[in-house]
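Heads up: the structure comes next, in structure tokens.
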Amino acid sequence: DISPLLADGLNERDFTQGRNMFLATNCVTCHSMRGEGENIGPDLTQLGTRFSPEDMLRAIIDPSDVISDQYN
Numbered sequence: 074d075i076s077p078l079l080a081d082g083l084n085e086r087d088f089t090q091g092r093n094m095f096l097a098t099n100c101v102t103c104h105s106m107r108g109e110g111e112n113i114g115p116d117l118t119q120l121g122t123r124f125s126p127e128d129m130l131r132a133i134i135d136p137s138d139v140i141s142d143q144y145n
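So the sequence shown is residues 74 to 145, counted in the numbering used here.
Next comes the structure, spelled out in structure tokens:
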């Protein structure tokens, strides 16, 4: 259940920590964000304008659950 993780919304997000996690978990090897990373998978720069916080968290937890046909 991810509901407790979303209870406070994104009000206390830390962009530096997010960037560090993006690099440490190797998301950067397939995805780009703000011009940093590779273009194998989709660019994640505008992710927050297209998906809800719940959708984004689910994709972080299980990144292979939904993959667009253009990346298969």
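Cβ coordinates follow ideal geometry from the N, Cα and C atoms, glycine included. Values in this document were obtained by computation on a predicted structure and should not be read as measured data.
Continuous alpha helix (DSSP H) stretch holding residue i: start and end
i, result
"I134", "P126 to I134"
"L117", "From DSSP, L117 is part of no alpha helix (DSSP H); its letter is neither H nor E."
"G108", "Premise fails: G108 is in no alpha helix (DSSP H) and is neither H nor E."
Residue i versus residue j: straight-line alpha-carbon distance, rounded
i, j, result
"N27", "D87", "The chain is shown only over 74 to 145; residue 27 falls outside these bounds and no answer can be derived."
"I140", "A132", "10 Å"
"V101", "N84", "24 Å"
"F124", "S137", "16 Å"
"N99", "G108", "15 Å"
"D142", "M129", "18 Å"
"P77", "G121", "19 Å"
Cβ-Cβ distance between residue i and residue j below 8 Å
i, j, result
"P126", "L79", "yes"
Burial state of residue i, where buried means 16 or more other Cβ atoms lie within 10 Å
i, result
"G110", "buried"
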